[in-house]
Structures are given as structure tokens and as C-alpha cells.
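Visitor: Here it is, the structure, as C-alpha cells.
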Amino acid sequence: MTKFNLNGRAVETIDSDDTPLLWVVRDTFKLKGSKFGCGIGQCGACTMHLDGIAKRTCILPIIAVEGKSVTTIEGLGTPENMHALQAVWTEQGVPQCGYCQSGQIMSAAALLETNPDPSKSEIDQAMKGNICRCGCYPRIKKAILDVAANRKVKKLQLSEVATGPFPEDVS
Amino acid sequence: MKGWNLTRRGFLKASGIVGGGLVIGYMVTRDGPPLPVADIEGALTPNAFLQLTPDNMVRFYFPRDEMGQGAMMGLTTLIAEELDYPLNEIEVLFAGAHSAYNNPDFNLQGTGGSTSMKVHFLPLRQVAANMRALILDAAASDLNVSRSSLTTHDAQVIAGDQAFPYAQFIETASAAELPESATLKPKTEFKYIGKEIARIDGQAKSTGTAEYGIDIEVPNMHYAMVKRCAVAGGTIKSFDAVPILATVGVTDVVAIDSGVAVVATSFWQAKKAVAALTVEWNLPELANISSQQIKSDYQQALQDEKGDSYSEGDITQGFTAASKIVEREYWAPYLAHAPLEPLNAVVRIENGEADLWSGTQFPGVAQGLVARYAGLPKEKVRVNSTFLGGGFGRRGALTHITEATQTAMATNKAIKLIWSREEDIQNGFYRPASLMKIKAGIDERGKISAWQATRVGGNLTPSVLGVVLPGVLPRVPSGITNLITGAANSVFDGWSIDAVSIEGLIDDYDFANKEIKHITVDHGLPLTFWRSVGHSYTAFAKETLIDELAEFAEADPVEFRKQHTQDNPRLQQVIEMAGQAMQQWQNELGRYVGFAAHGSFSSYVAEAAQISIENGGIKVHKIVCAVDCGQVVNPDVVRGQMEGAIMFGLTAALYGNIELENGAVKESNFHNYPILRMDAAPTVQVVIVDSDEAPTGVGEPGLPPIAPAVANAVYAATGKRLYAMPFRL
Ligand code: FES
Ligand code: FES
């Protein structure tokens, strides 16, 4: 049994200790925004925040999450109440197939939390763990720069985020 | 366009089916199977694509697939324009499987070949215009005014200073005759077409709410993974299910056509169990083959020169007229598609009916495959399409649908089948490897007098046929579909007219005397379409050789291309446009430029690349891309597709390589099959030709010129010509 905090709520799961956080979040807690792309920490599609730090959750066993706070794309913002990055992503038509974008946005959000005004090469360094097979890189970079420039990023206290959808009937 | 043979009044509800929480009723056509559209009380459904509900909502049954290429945005734009309905308020639904949604270019329900806008631009506008005309007719009758006194604005009929929602006229419209050829809007009145509007699927994809096949869950669903032979075509000799069945969570271990399926109550349990399973295989001939062998077999075939050819002009005379003749060979390897969403499918079979949830490029074929392996008539199989997490051709080869269906049948469970990334890279379908030789001559005046090209490799068409046919003909026994595929293989053996395997190798330029030869050598690795298909390798050969010829002719590479496109003015125009942009880069220190142009999917693209050599590697800085894709429906989608195709092509040019060792693919995941990442991505500037020509392809044409543009830039930087992909300095 592992207890942790998911998008501001206390949760617990009986998934086996070695089950990666990604699958616990997707299949036990039914939050499908975080994606499976490679399973070996190479693509970033599964990126969530663990105590505010961007993590590849396909290789993060659930036991390592005990007592920690997890934020997923659903906890970052919703269609009704988008995070500044999500709003600019939407306005600027960043996504193509869209499959990588939850991970891209989570990586970008973590970057802007620690570095509100990143240079292009700092963006490259922070984002190069996220593959976009559709090749949206120029748009992703521009969107991050624009959000930073507009200083629109809400000072998000990750531990307080509780706006994301959450199933009531979790196991 | 003909209205669908739909009995508009008194829809017959054939069945009420629960699927993914939605209650879908079937409507019945006068002939043929029912249309898979929602049966909504009091709705107007004049055709297979559109539905107006009593609350004035419009539902659009989107007939293609959305894999990132923007077809959903593009086609919905056409509907909004001609129906005069707010674009962002249209409810877009993935159409189910039905021949009404066939792609006219394929006569199948399929998305590929950069055809979506080309085939739907006029027909879908007509469908929407007819519906608007029908509503206007009904309004004129209901309001008892002349039809010409009425107009529309944003989902409302305007009569003088009064406005009425479209839905107010549903009852009368339902009884009226559907106009068949309502006048389409002139370009000058376009509100949405050609305008800068953000994609309608952007928000769902930015908030994690867009639904992909891998996100689907149905009650009591079990997870399946399949152990396949490392060598394509291997069959099961033996396996021991007993220890695996004792693993926590595992419920079934069953043999299916492609391997052994392990079924468990969670994905993680299935993944661990399938890794622990050992299977003995009967290995096919391919198991004796490694990449080196393939290359040398191709070389040998090239020397033997057996094969069929096609020519125009007089190639012998062309070479006689030449003052200089060059002969070059080019290599392009096998490639995997690696869409970021691994392949997956959910199949549920119960009570003589089946449901499939998956994002595919061929929903109609998928329906046939489920029908075939579930032993059901096609009409009893519902296809619930989702967004595709990338396609690039890979989601046209649907063995994963077969696997999920066979597993569901063998276990009597609802099955969610997921491929791992390793399976995706190692057990898939591949862009064919190619060895190309081009011999070309230029005359005294610097004109190309002869162009003789040969391509050696596997043929795409019969390989694709083998994948598609069992789904297209679900009732035809596999022996016969195998026979047809086999026949296709021998028909195509050495036949130069498998257009998709050689496309682009002798086209584009004014070659008065040209010849193409094809030599089929196929070692049996499964092949399928890969973004831009044959063009993905032929443009590399053609455009790097053109660059060499320009040098021999002591001509500027852009001018040389312009001189040789007198008969191809649209290609010439993009060459001119990209060439101008390229001029502005020429003085940057340590940076070198290269140029290439290529026509594909009826569109024309020229690209210039600026690179430098850093730490012994190629660093690509900037790209300019000029494209003529006819009339543009959404400029931002066009730009996005050019950007994306360039990144996709750069991955192939710089890294892409699938190698075989004893018949098995050596690469396995993104650490050894790398994909371009942000720190290596160039900036891209896209210039679009303002055109009134019919819309043409956008998803693929941006790809072919990028590899040769970079190769030509590398030559400028290093003096070394590149003859093989991926590039090694
Ligand atoms: S799925 Fe986790 S990094 Fe790729
Ligand atoms: S949008 Fe398709 S992988 Fe990034």
C-alpha cells in the first residue's frame, strides 16, 4: 500500500510496489492525460511533477512516491481554467498529434517555476528530454518564450493545486 | 454531390448499443448497411456527415482520421464556411466505419497519401452548402417569404431585422427535397477558409483531455501484450504457459497468429509476465540475413542489371550528346515510424456484436479484420475511432487489430492490447531500404541530356496489399488473400511500375531523355508506407545529384534548377522563393547553405538549409521552406506540417537506421533509434504560394527536400558529398 498526494488529494493504492507511477495514475486513478511513449525514461511523454520537480514516471516505482505530492497535466490546469502554458499552447496551435504535449507542458511548467525567464539554450536543456515525433519544437520553444515574456505564469503553489478532475470512487 | 440514400423521415433504429458510455442508434440507408450516426430525436440528418439538432447544435461526422496533420481542423473549416456556422461550435465526431466515409482516392475508408484536403475540398463544401440551402428553403416556406429575401449569419436565418436559429426549420426541412448543387461561396466571401485560425483540437491536446486509443477503458477489460518472434515471419514451435499463468494477475496465455498473447488484470502485470515468457520459434529464412548481406545482395542485383525499365526520349542519344557523364549510388536504410503513441486496440466481443476502439488510418479495414477474426458480419462490428498519437503510415498496417481480436476470441474477455516501444521498433513494418543508382549526362550548354535511374529494394505495393486485404475481404479465406498477395508479389517482381517504390526518381526536371529501372530484391522484412513513401529516399538521390551536376555545369544550384524546370513552373516558383530567402544567409561566418526542391503528392516544395559543423557533427540552424499546395485552407496548419515534416526528415537524415542481425532488428527504443530533440531542431521559416489551384497534399511534401538540402550544405561546408543516409561525416 502506497499513500501519496495526487493533484492535491490524499490517495492510496494497493498496486504492487514496483508498478511505475505512470500506470498507477493512468489505470488505477483513471487520469489519462499522462502518456506512455517509451517506458525507459527516454521520451518524456509520462512527465509529472513530483514535489514540484519534473519526473519521468514510467520508471518511477510507486513505492518511491510514498508521502510525496504528484501533479499531473490535469492538476496543472483544465479546459475551463487553463495554466498560462496551456492557454498559449492552444492559441498558438502548438500540438499536432498532441500525444507528447502533456509531457512537454509539464516539463515547461517545471522549468518556468525555477527559471521564470529562460534563455533559448536553457529551454533546450530543460526540454530535450521530451520527444515530439511530430516535430512541434519551434512552436513549443516559442510558446515557452512567449509565456515567460508575458510573465503570465501564475505563481503556482503546486501543493495547493486541487483544481484537477478527480474520480470520487478511487480504490 | 449526391445526397446519401438516407430515409430522412422515420429513421429506423436498427439497434441500441452501449459503447463507451454513448448510446448509439443506427440509421438505415435505403440500400447498404446503416450509417453509424447518432439517432437524435428531432434532428435533421440530410447526409452521412452533418446533423442539426433541435438545440441548434451541428454535429460533423469527420470522415478522415486525425493523426496530427490537421485534417480535423481543415475539413471542419469547410463545413463551417459553407454552412455558415461558427467554426468553434461545431461538434466534431469521429465517423464510424461505413462506405459513406470512404476516401474517394482509395475507395476505402482510409487516411494517407496527403489526400484529405484534396479529395474533400469541394465535396464537403457542397454537402454543407446543400444543407444550408435546405434550411433556407424551409425557412422561406415557414416564414412565407421569398427565398431570395433570406440570408444566413452564424447558425441563424436572417429575415430583414429578424434572426431565427437554423433548428427552427428542422421539421419543414426534414420533409423537403435536399438540394444537390447549391452554389458555393466565392473566395472573396470566405470567413474561415484561408484565414489564420488556431486548430480546434489544440485545447484538448494541451490539457490532457484528448482521447487516444490507449486511453480507452471498458468494463471488465483485461490487458494483453504479445510475445513475437524477433524475426518477422517466425512461428511458434513451443512455449510453456504454466509458470506464467502462476504469475500474479495473469489470467490467460494463448497462442495467436503473430505470437503468444499474455493477458492480465493490469498492464504492468502483463508486461512483466510477457518478459518472463520463453517461446521456441520456427525461424523463417530471414533469420539468416543481416544488414550487410542485404546491402551486398542489392549491389549484386545492380550489377546483374535484371529488371524492367521504362523510358522517355532516347537515353542512348542523350548520353551520346553528353560532354560529361556521372554515375552515383545512393543508400537509404530501413526505417521505423515510431509514432509516439505505441500501437494499441481495445476489442470487446459479446452477444454476436463487436466493438473496436483504436486510432487507425483505415477504420474500414479495421472493421473487416475484427469481423474476420470474430467470425461476425462486418455490420456487427462498430469502429469507435479516437485521435491518433501519430500515424506516418504506421497506423495503416493493422496487425495489432488482428492480435487484439484473436486474443479477445481466445479468452472470451474484453481486451486492451498495447505494444511496447521495443515491439514498435523491432516487430513492425518498415520504410523499405533502397539502393539507387543514377547515371546522368550534361551537354556543352550545361543542360541535362540524359537521366537514367535504377532502384533496388523491396516493393511496397504487394507488401501493403498483404496487410490490407484480409480486412478488405473479411469473408474471403486467408488462403485466397495470401494467393492474391503472392500473385501481386510475383507480378511486381522486377516490375518498374510499382509507382510508390520509385516515385520521384525521374520526375520534376526537364529530362528529355530519361529511363527508370526497378530491380526487386526483397528479404522479407515487412514493409509499409512511411511519411512521403518513395519520395523519402528518391529526393535524396535526385537532389544531391542535381547539386553535383550544377557544379559540373559551373552553375549556381538554384539557377541550375530553375533552368531545368521550364516545364514545371510551379516547382520553379518555389525554387525561386526559397532561393531568394537563402541568399540572405550567405555571409554568415562558419555557416553553409544547401538547397533542394521536390514535387510530391501534387504539391511543390523547395527548402534551403543552413548548417555548421560542430564537434565533428552536423548542426542544422535554419530552414527556409517554400511550398505550393494550391489553395490554402489554413495557413497555420500548412506551416505546422512543413515544420513537422522537416523535423521528421531530419531525424531520418541524421540518425534513422534500422539494422538487421540474423533477421532481427537491432535497434529497440529511443536510446538507439534516436529522434530529433529540441536542442538539435532548427528554426523554420515557411513561405506559402498564394494560389487558386485546387488544394493538394500538405502532410508529406515538406519531408523529401530536407535530407538533400542538408547533404548539399554539408558538401558546401566540407567538400564531401554524402551518398548514404543517415549522414556520417
Ligand atoms: S514513457 Fe516515460 S519517458 Fe517515455
Ligand atoms: S505532437 Fe505528436 S508527438 Fe508531439
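Protein chains in written order, with the numbering used here: chain A, -10 to 160; chain B, 979 to 1707.
Ideal Cβ positions, reconstructed from N, Cα and C, are used throughout, including at glycine.
I'd like to know if B:Glu1645 contacts chain A, where contact means its C-beta is closer than 7 Å to some C-beta of that chain.
Guide: Output row for B:Glu1645: interface = no.
Visitor: Could you name the residues of the same chain whose beta carbon sits closer than 6 Å to that of B:Gly1627, not counting the 5 residues immediately before and after it, in chain order?
Guide: Excluding residues within five positions, the ones whose Cβ falls inside 6 Å are Leu1681, Ile1684, Ala1685.
Visitor: Residues of chain B with CB under 9 Å from A:Glu55, in chain order?
Guide: None at all; the shortest Cβ gap to chain B is about 17 Å.
Visitor: Can you check whether the CB of B:Ser1427 is closer than 7 Å to the CB of B:Gly1296?
Guide: Yes, the pair counts as a contact, with Cβ atoms nearer than the cut-off.
Visitor: Pair every Cβ in the stretch 1355 to 1362 of chain B with every Cβ in the stretch 1059 to 1076 of chain B, then say whether three or more of these pairs are closer than 8 Å.
Guide: Yes, the stretch 1355 to 1362 of chain B touches the stretch 1059 to 1076 of chain B.
Visitor: Heavy atom of ligand 2 less than 6 Å from the Cβ of A:Gly87, yes or no?
Guide: Because some heavy atom of ligand 2 lies under 6 Å away, the Cβ of A:Gly87 counts as near it: yes.
Visitor: Thinking just about the alpha-carbon of each residue, which of A:Leu10, A:Lys131, A:Gln75, A:Asp40 is nearest to the one in A:Ile48?
Guide: Checked all of A:Leu10, A:Lys131, A:Gln75, A:Asp40; the closest Cα to A:Ile48 is A:Leu10.
Visitor: For the beta strand (DSSP E) that B:Tyr1584 lies in, which residues bound it at each end?
Guide: With the sequence shown as reference, residue 1584 of chain B is identified as Ala, and Tyr is not the correct amino acid for it. That run of the beta strand (DSSP E) goes 1581 to 1592.
Visitor: Report yes or no: do three or more beta-carbon pairs, one from the stretch 1315 to 1327 of chain B and one from the stretch 1367 to 1382 of chain B, lie closer than 8 Å?
Guide: With a cut-off of 8 Å, the stretch 1367 to 1382 of chain B and the stretch 1315 to 1327 of chain B count as touching, because enough Cβ pairs lie within range.
Visitor: May I ask you to report which of helix, strand or coil DSSP gives B:Glu1678?
Guide: DSSP places B:Glu1678 in coil when its eight states are reduced to three.
Visitor: Taking 7 Å as the limit between beta carbons, can you name the residues of its chain near B:Arg1433, skipping five residues before and five after?
Guide: Hits under 7 Å: Ser1412, Met1414, Ser1479, Ile1480, Leu1483, His1496.
Visitor: Mapping the DSSP letters down to three states, classify B:Ser1363 as helix, strand or coil.
Guide: Note: B:Ser1363 maps to strand in three-state DSSP.
Visitor: Quick one: what's got a C-beta closer than 6 Å to B:Tyr1276's C-beta in the same chain, skipping five residues either side?
Guide: Within the same chain, B:Tyr1276 has close Cβ partners Leu1413, Val1434, Val1499.
Visitor: Here's a check: name, in chain order, each residue in its chain whose Cβ is nearer than 6 Å to the Cβ of B:Gln1345, leaving out the five neighbours to either side.
Guide: The residues are Ala1075, Lys1356, Val1359, Val1361.
Visitor: Check each residue of the stretch 1171 to 1183 of chain B: if its Cβ is closer than 8 Å to any Cβ of chain A, include it; give the result in chain order.
Guide: Of all residues in the stretch 1171 to 1183 of chain B, Ala1176, Arg1177, Asp1179, Gly1180, Gln1181, Ala1182, Lys1183 have a Cβ within less than 8 Å of some Cβ in chain A.
Visitor: In chain B, which residues lie less than 8 Å from A:Met37 when you measure between Cβ atoms?
Guide: None at all; the shortest Cβ gap to chain B is about 11 Å.
Visitor: Under a Cβ-count criterion, where at least 16 other Cβ atoms within 10 Å of its own Cβ denotes burial, should B:Ile1272 be classed as buried or exposed?
Guide: Its Cβ being crowded by 16 or more others within 10 Å, B:Ile1272 is buried.
Visitor: Can you tell me the Cα-Cα spacing of B:Ala1265 and B:Gln1544, whole angstroms?
Guide: Taking the straight line joining both Cα atoms gives about 50 Å.
Visitor: Assuming B:Leu1102 contacts B:Ala1117 under a Cβ cut-off of 8 Å, what Cβ separation, rounded to an integer in Å, is found between them?
Guide: With 8 Å as the limit, B:Leu1102 and B:Ala1117 do not qualify as a contact, their Cβ atoms being about 23 Å apart.
Visitor: For B:Phe1648, list the residues DSSP reports as bridge partners.
Guide: Its beta-bridge partners do not exist; DSSP assigns none.
Visitor: Can you confirm whether A:Lys84, when its beta carbon is compared against all beta carbons of chain B, has any partner nearer than 7 Å?
Guide: According to the sequence provided, residue 84 of chain A is Pro. The question's Lys does not apply to it. Output row for A:Pro84: interface = yes.
Visitor: Would you say B:Asp1421 and B:Ala1299 are within 7 Å of each other, going by their C-beta atoms?
Guide: Yes; because the gap between Cβ atoms is below 7 Å, this pair is in contact.
Visitor: Enumerate in chain order the residues of its own chain whose CB-to-CB distance from A:Leu100 is below 8 Å, with the five nearest sequence positions on each side excluded.
Guide: Hits under 8 Å: Ala43, Pro107, Glu111, Ile112, Ala115, Met116, Ile133.
Visitor: Can you give me the C-alpha to C-alpha distance between A:Glu1 and B:Leu1061, rounded to a whole angstrom?
Guide: Straight-line Cα distance between these residues: approximately 51 Å.
Visitor: Which term fits A:Ser23, buried or exposed, when burial requires 16 or more other beta carbons within 10 angstroms of its beta carbon?
Guide: Answer is buried; the Cβ neighbour count reaches 16.
Visitor: Taking any heavy atom of ligand 1 as the mark, which residues have a C-beta closer than 6 Å to it, listed down the chain?
Guide: Output, sorted by chain position: A:Phe25, A:Gly26, A:Cys27, A:Gly28, A:Gly30, A:Gln31, A:Cys32, A:Gly33, A:Ala34, A:Cys35, A:Arg45, A:Cys47.
Visitor: Between B:Pro1320 and ligand 2, is the CB less than 6 Å from at least one heavy atom?
Guide: B:Pro1320: no, Cβ never under 6 Å from ligand 2.
Visitor: B:Arg1373 versus chain A: which residues are under 8 Å apart at the beta carbon?
Guide: The premise fails here: B:Arg1373 is roughly 10 Å from chain A at the closest Cβ pair, so nothing lies under 8 Å.
Visitor: Report all residues from its chain with a CB closer than 6 Å to the CB of A:Trp78; omit the five preceding and five following residues, and keep chain order.
Guide: These residues qualify, in order along the chain: Ala132.
Visitor: Less than 7 Å separating the beta-carbons of B:Ile1494 and B:Ala1431?
Guide: Contact: yes.
Visitor: Excluding five sequence neighbours on each side, which residues of the same chain lie with their C-beta closer than 6 Å to the C-beta of B:Pro1064?
Guide: So the list reads Asp1132, once near-sequence residues are dropped.
Visitor: Can we count B:Pro1660 as close to ligand 2, meaning its CB is less than 6 Å from some heavy atom?
Guide: No - ligand 2 has no heavy atom lying nearer than 6 Å to the Cβ of B:Pro1660.
Visitor: Just to make sure I have the definition right: I need the residues of chain A whose C-beta is within less than 7 Å of the C-beta of B:Phe1648. Which are they?
Guide: Under the 7 Å cutoff, chain A gives Cys27, Gln31, Cys32, Ile120.
Visitor: In chain A, which residues lie with their C-beta within 7 Å of the C-beta of B:Tyr1190?
Guide: Per Cβ cutoff of 7 Å: Tyr88.
Visitor: Using a Cβ cut-off of 7 Å (strictly closer), state whether A:Gly92 contacts chain B.
Guide: Judged by the 7 Å Cβ criterion, A:Gly92 is not in contact with chain B.
Visitor: I'd like the span of the alpha helix (DSSP H) that includes B:Ser1094, first residue to last.
Guide: 1094 to 1121 is the extent of the alpha helix (DSSP H) around B:Ser1094.
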